[in-house]
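**Student:** Numbers in our numbering are just positions in the sequence shown, counted from 1, shifted up by 9. Starting off with a structure, shown below.
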Amino acid sequence: MITLNIQLPETVAAEFYQAADELNKRLGDPDLPASKQKPVVDAKTLMAFALARHDSEDVCAQFDLALRLVRGTSEPPFNPVIK
Numbered sequence: 010m011i012t013l014n015i016q017l018p019e020t021v022a023a024e025f026y027q028a029a030d031e032l033n034k035r036l037g038d039p040d041l042p043a044s045k046q047k048p049v050v051d052a053k054t055l056m057a058f059a060l061a062r063h064d065s066e067d068v069c070a071q072f073d074l075a076l077r078l079v080r081g082t083s084e085p086p087f088n089p090v091i092k
């Protein structure tokens with residue numbers, strides 16, 4: 010396993026923290042306070058899960074799209090449906 014230390018924009022991190030809170034509410038026991046819930050899903054676990062679901066082709070396609078959008082070339086943007 011590899012350990013990564015990354016910096017995320019606060020808005021992105023906030024989405025993961027909000028998602029963790031929502032999942033804990035949905036999956037938890039409504040009769041117990043939040044401190045007593047087991048297991049608790051945390052934002053870092055969700056971030057790791059989101060990163061782990063990609064294979065090399067997905068990562069390359071995302072970077073290809075991002076670079077094409079940033080460059081602003083006359084080439085049409087990458088379409089993952091049409092290969």
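Built from N, CA and C at the ideal position, the CB exists for glycine as well.
Report back the beta-carbon spacing between residue 51 and residue 29 to the nearest angstrom; my notes put them in contact at under 8 Å.
**Tutor:** At roughly 6 Å, the Cβ-Cβ gap stays under 8 Å, so residue 51 and residue 29 are in contact.
**Student:** Please list the segments of the alpha helix (DSSP H) lying wholly inside the region 38–85, counting only runs of 4 or more residues, in order along the chain.
**Tutor:** Listed in chain order, the complete alpha helix (DSSP H) runs (minimum 4 residues) inside the region 38–85 are 52–61, 65–80.
**Student:** Would you say residue 55 and residue 25 are within 9 Å of each other, going by their C-beta atoms?
**Tutor:** Closer than 9 Å, so yes.
**Student:** Looking at the secondary structure, which residues open and close the alpha helix (DSSP H) in which residue 20 lies?
**Tutor:** First-last of the alpha helix (DSSP H) with residue 20: 19–36.
**Student:** Roughly how many angstroms lie between the CA atoms of residue 71 and residue 77, to the nearest whole one?
**Tutor:** Distance between the alpha carbons of residue 71 and residue 77: 10 Å.
**Student:** Which one of 53, 20, 40 has the shortest CA to CA distance from residue 13?
**Tutor:** Nearest C-alpha to residue 13: 53.
**Student:** With a CB to CB cut of under 8 Å and the five nearest residues on each side skipped, what residues in its chain are close to residue 36?
**Tutor:** Correct list, in chain order: 50.
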